[in-house]
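Student: Straight run, no breaks: the sequence shown in UniProt numbering ends on number 203. The beta-carbon is built from N, C-alpha and C at its ideal position, and this holds for glycine as well. Given the structure is predicted, the values throughout are model-derived calculations rather than measurements.
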Amino acid sequence: MHDRVIAGGLFGLGLAVLGGFALIQSGGAADAQVQDGPGPNLVIELGGSASGRIVIDLREDLAPAHAERLTMLAEQGAYDGVVFHRVIDGFMAQTGDVQYGRQGSDTRRAGMGGSDLPDLPAEFSRLPFERGTVGMARSQNPNSANSQFFIMFAPASHLNGQYTVVGQVIEGMDAVDAIKKGNSRANGAVDDPDYMARVSVER
Numbered sequence: 001m002h003d004r005v006i007a008g009g010l011f012g013l014g015l016a017v018l019g020g021f022a023l024i025q026s027g028g029a030a031d032a033q034v035q036d037g038p039g040p041n042l043v044i045e046l047g048g049s050a051s052g053r054i055v056i057d058l059r060e061d062l063a064p065a066h067a068e069r070l071t072m073l074a075e076q077g078a079y080d081g082v083v084f085h086r087v088i089d090g091f092m093a094q095t096g097d098v099q100y101g102r103q104g105s106d107t108r109r110a111g112m113g114g115s116d117l118p119d120l121p122a123e124f125s126r127l128p129f130e131r132g133t134v135g136m137a138r139s140q141n142p143n144s145a146n147s148q149f150f151i152m153f154a155p156a157s158h159l160n161g162q163y164t165v166v167g168q169v170i171e172g173m174d175a176v177d178a179i180k181k182g183n184s185r186a187n188g189a190v191d192d193p194d195y196m197a198r199v200s201v202e203r
């Protein structure tokens, strides 16, 4: 199994590229209002040290297969109890490993798994990775996204056109900001991580 990461977990030379970016994070109160698009909304209720509700507008127009995958897994209850296993302050929070990321279990392999569904072909677009953008995690193979996704704390132009944009947070960036951060020296790995207590779909 390959670790499904964004912009590099530990690649060939063992470089933790993710930990090397110092990006400026804007405050939740200052976030501009984002319009709700026509796609379904993924609603995440947080558990752990963080609380609150995150609403993600899924972009079926840009990434129909990936949006359908997140919707399907949420409606099956597969995301309920899944941890935010890699969280890098000023960069992103990653979750969605339904295979190895279940809260209360041994999550040391979280980030290595996916679902029992096949990996998805990339659906790259011109939409940039900004604060609140939701992208699909993958291995070095562009066509390896499955169930894991990440939410951006801040813009990251080096991800543009390299990872599938699947949605945008339209409510709850203050809750995203509160997710427990990981150890930057351990590529963002989180001890006793926060988790998605319940994930539902609003159409």
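(1) Can you tell me where the alpha helix (DSSP H) with M112 in it begins and where it stops?
(2) Out of V199, Y195, A63, E202, which one is the CA nearest neighbour of T107?
(3) Please report the residue range of the beta strand (DSSP E) in which T133 lies.
(4) Where L23 and N160 are concerned, what is the direct C-alpha to C-alpha distance, given to the nearest angstrom?
(5) Counting only runs that start and end within the UniProt domain "PPIase cyclophilin-type" (41 to 193), where is the alpha helix (DSSP H) found for 4 or more residues in a row?
(6) Rounded to the nearest angstrom, what separates V190 and Y100 at their Cα positions?
(7) Apply the 10 Å Cβ neighbour rule to R126 and answer buried if 16 or more other Cβ atoms are within range, or exposed otherwise.
(8) Return no unless some Cβ of chain B is closer than 8 Å to the Cβ of N183.
(9) Classify A16 as helix, strand or coil using the three-state DSSP reduction.
Tutor: Concretely, from the data shown:
(1) Walking along the sequence shown from the start, residue 112 turns up at place 112. First-last for M112: undefined, no H or E at that position.
(2) As a working mapping, residue 107 is identified with position 107 in the sequence shown. Nearest C-alpha to T107: Y195.
(3) Numbered from 1 along the sequence shown, position 133 holds the residue referred to as residue 133. 133 to 136 is the span of the beta strand (DSSP E), which, as asked, contains T133.
(4) Numbered from its first residue, the sequence shown carries residue 23 at position 23. Numbered from its first residue, the sequence shown carries residue 160 at position 160. Residue confidence for L23 is low, a pLDDT of 36 falling below 50, so the modelled location carries little weight; the figure read from the coordinates is stated next. When rounded, the distance between both Cα atoms is 15 Å.
(5) Counting whole runs of 4 or more residues, the UniProt domain "PPIase cyclophilin-type" (41 to 193) contains the alpha helix (DSSP H) stretches 64 to 75, 173 to 178.
(6) Against the sequence shown, residue 190 aligns to sequence position 190. Against the sequence shown, residue 100 aligns to sequence position 100. Cα to Cα, the separation comes out at about 14 Å.
(7) Counted from its first residue, the sequence shown places residue 126 at position 126. With a 10 Å radius around the Cβ and a threshold of 16 neighbouring Cβ atoms, R126 comes out exposed.
(8) Looking for chain B here will not work: only one protein chain is present.
(9) Taking the first residue of the sequence shown as 1, we reach residue 16 at position 16. Confidence in A16 is poor, its pLDDT being 31 and thus under 50, which makes the residue's placement unreliable; the coordinate value appears in the next sentence. For A16, the secondary structure class from DSSP, reduced to helix, strand or coil, is strand.
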